[in-house]
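Numbers given in our numbering equal positions in the sequence shown, counted from 1, plus 7. Here is the structure we will look at.
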Amino acid sequence: MNDDFPSSKLERGKIFAKTGLKVGTNYAKRYLKKSMGQKESKEEGRQFHTDNARQVFNEFTKLRGTALKIAQSLSMDEGVLPGEFAEVMSEAQYSVPPINKALARSIIKKELGDYPEALFSHFEPEAIAAASIGQVHEARLHDGQKVAVKIQYPNVRNTIHSDMAMAKSLVKRLAKRGANLDDYFDEVEATLMEETDYRQEGEYIEYFHRRFFGESVVTPRWIKDLSSRKVLTMTFVEGKHLKELLETDPSRQQRNHFGQLLWNFFHDQVEQRNFIHADTHPGNFFFRDDGRLGVIDFGCVKKFDEEFTQNYMQLLPMHLEGDEEAIRDLYTRLDIIKANPDNPEKEEEFFQFCKNYGNTFARPYMKDNFDFGNPSFKRRINHYARKMPIMNEPRGDKNFIYSTKVHMGLYSILMKLQARIDTRRSKEITQKVLGEMENDPAI
């Protein structure tokens, strides 16, 4: 297989092992220095974590696939690893070296039956984007239509499980002491298995296109005849990434406008009680010159069951009302707290922490308008994310973990935009959906 892409389990295992040895040695040296009484300044500590994060990211970039998906997830979870890791790992959202042109060309031939120059009137050999499990090329159909062609890296699906086991061992060395990451890794593994089927992603693309056609959201169309399980062709969505938009120093009006579109996009999906675009990292959104919001990457789409949805949505009005006992009951149903804990005192401390975190999370809904540029809100969100108590067992079912990450991803983008949002309709949607569910005899 090509030198720039280790696709066999043996090759990938060697890279994981080398990375683990490097990082493990670094931590051992640091521990030895501390045990000998050498003090470490805050700046030295930050630099230590940054250097280790850079080593891990560089090796994960070579592996792509599972390793990079983990990096991408970790960049959105500041409470799992030291903050410096999240900052470095966030690069997985934007820039990853592509595989070479010959390998990309051969994958298309194998999957679609011919080389790209025969299938398209033009095919750009240089990838315009590369991410965890695939890279994207710009092309044109024979009728002139501009398209994006996503090519999956070789052998990704077959190495997911073995990669996950090795990555879990490495990340556990870096995680905050006592953190139980088993559910976290199970979630990433299940997501990756879904995302490696590009035909399923094509079906989701069509669903979202039908749902948002004619609105202020632009989604691609699936070109089914030029797609397979490992190659996905879709119409091209233009626009700037968040990072590019912010570099233009957008006006207050632009920030508010695009922030409102993001907010509405999320809550419109809630209103439908159907599929949710569950990958809210910044690389999946484009801010367009025509004022519309571009949305891509439908590999990670979720549909939550009705019982969970009802419990989760009831959290908002209960937090707004400050009904502690109702919040406690919902947290128990969502498996966030235990009804009969081994350590009641510690469980109560955990409940109070989660309740206060939830109150902060609910703040945007407390008034008709909310300013995500408010520095005190960002400080509070970051405080709770980083100070989350470590329990001896995972808390919250997988639906809760995923829905919270989607919500947190939305908040993260809005805080970077410093957008001011009108929240009135979103509160109406919450009440409407809860009313519909309460009157639904099937629930």
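Don't be surprised by glycine CBs; every beta carbon is placed ideally from N, CA and C.
Assign residue i to one of two classes, buried (16 or more other C-beta atoms within 10 Å of its C-beta) or exposed (fewer than that).
| i | result |
| --- | --- |
| Y122 | exposed |
| K21 | exposed |
| I135 | exposed |
| N446 | exposed |
| T437 | buried |
| R386 | exposed |
| N363 | exposed |
| R299 | buried |
| E196 | buried |
| S15 | exposed |
| M395 | buried |
| T255 | exposed |
| M8 | Unreliable placement is indicated for M8, whose pLDDT of 40 sits below 50; the coordinate value is still reported in the next sentence. Per the 10 Å Cβ criterion, exposed. |
| S42 | exposed |
| D170 | buried |
| K237 | buried |
| A35 | exposed |
| A346 | exposed |
| A109 | exposed |
| T32 | exposed |
| R259 | exposed |
| S1 | Look at the range of the chain in this structure, 8 to 450, and you will see that residue 1 is not part of it. |
| Q45 | exposed |
| P351 | exposed |
| L233 | buried |
| F358 | buried |
| F272 | buried |
On the DSSP letters alone, give me the boundaries of the beta strand (DSSP E) that residue i sits inside.
| i | result |
| --- | --- |
| Q207 | Taken as a continuous stretch (DSSP letters only), Q207 belongs to no beta strand (DSSP E), being part of the alpha helix (DSSP H) at Y205 to F219. |
| E145 | G141 to R147 |
| M241 | V238 to T242 |
| R427 | R427 to D429 |
| I388 | Where I388 is concerned, there is no enclosing beta strand (DSSP E), although the alpha helix (DSSP H) it sits in stretches over P382 to R393. |
| K153 | K153 to Q159 |
| F377 | N376 to D378 |
| L300 | L300 to V302 |
If we call anything under 8 Å between Cβ atoms a contact, is residue i one with residue j?
| i | j | result |
| --- | --- | --- |
| L239 | K310 | no |
| Y409 | F305 | no |
| T287 | V413 | yes |
| G266 | F379 | yes |
| A74 | A138 | no |
| A285 | V302 | no |
| M373 | L323 | no |
| L126 | F23 | no |
| T4 | R19 | This structure cannot speak to residue 4, because the chain is shown only from 8 to 450. |
| L269 | K76 | no |
| R452 | F55 | The question about residue 452 has no answer here: the residues shown for the chain are numbered 8 through 450. |
| H216 | R206 | no |
| E124 | E145 | no |
| I343 | E354 | no |
| Y319 | F407 | yes |
| T367 | I388 | yes |
| I428 | F360 | no |
| R218 | Q279 | yes |
Since residue i is in the alpha helix (DSSP H), which residue starts that stretch and which ends it?
| i | result |
| --- | --- |
| Q45 | Q45 -> no alpha helix (DSSP H), and no H or E assigned at all. |
| D275 | R259 to Q279 |
| L249 | L249 to E254 |
| E366 | Glu is not the amino acid found at residue 366; the sequence shown has Asn there. Taken as a continuous stretch (DSSP letters only), the alpha helix (DSSP H) holding N366 covers P351 to A369. |
| S416 | Residue identity check: residue 416 is Gly in the sequence provided, not Ser. Counting along the chain, the alpha helix (DSSP H) containing G416 begins and ends at K405 to L424. |
| F294 | It is not in any alpha helix (DSSP H) - F294 instead sits in the beta strand (DSSP E) that spans F292 to F294. |
| S113 | K108 to L119 |
| L126 | P123 to L126 |
| M320 | E313 to E328 |
| T226 | Counting along the chain, T226 falls outside any alpha helix (DSSP H), and DSSP gives it neither H nor E. |
| E332 | E331 to R340 |
Among residues of its own chain, excluding the 5 on either side of residue i, which ones have a beta-carbon nearer than 7 Å to its beta-carbon?
| i | result |
| --- | --- |
| K231 | G209 |
| R431 | D375 |
| K247 | F293 and F294 |
| Q321 | L337 and L441 |
Whose C-beta lies closer than 6 Å to the C-beta of residue i among residues of the same chain, with five residues either side of it excluded?
| i | result |
| --- | --- |
| Y418 | none |
| R164 | T203 |
| A426 | R262, N263, G266 and F379 |
| E66 | I22 and T26 |
| V505 | Given a span of 8 to 450 for the chain in the structure shown, any question on residue 505 remains unanswerable. |
| Q317 | M444 |
| I283 | Q276 and K309 |
Is any heavy atom of the ligand NAD found at a distance shorter than 7 Å from the C-beta of residue i?
| i | result |
| --- | --- |
| D349 | This structure lacks the ligand NAD; in fact it carries no ligand of any kind. |
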